[in-house]
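**Student:**
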Amino acid sequence: VVSEVLEVAEDLSDIEIADMVIELEAEMHLAAKNLEFERAAALRDNIKELRSTYSL
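Going by my numbering, the letters in the sequence shown line up with residues 113 to 168, in that order.
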């Protein structure tokens, strides 16, 4: 799943990637609120990978 997010991000501008991170964070918080901890953890990993790869 992480590699899929990076593939999508390859074609985006820095601003679009930053927006994607914001959206993923909102999804992560909602998943945690709904006790969907595995989904929240996967989203967290995606966010970490995007931030690391694109220095956000």
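Don't be surprised by glycine CBs; every beta carbon is placed ideally from N, CA and C.
So D126 is in the alpha helix (DSSP H); what residue range does that whole segment cover?
**Tutor:** Here the alpha helix (DSSP H) through D126 covers D126 to K145.
**Student:** What are the boundary residues of the alpha helix (DSSP H) that includes D157?
**Tutor:** Counting along the chain, the alpha helix (DSSP H) containing D157 begins and ends at F149 to Y166.
**Student:** I159 and V120: beta carbons closer than 7 Å?
**Tutor:** It is not a contact, given that the beta carbons lie outside the stated cut-off.
**Student:** Is it right to say L162 is buried, meaning 16 or more other beta carbons lie within 10 angstroms of its own, or is it exposed?
**Tutor:** When all chains shown are included, L162 counts as buried.
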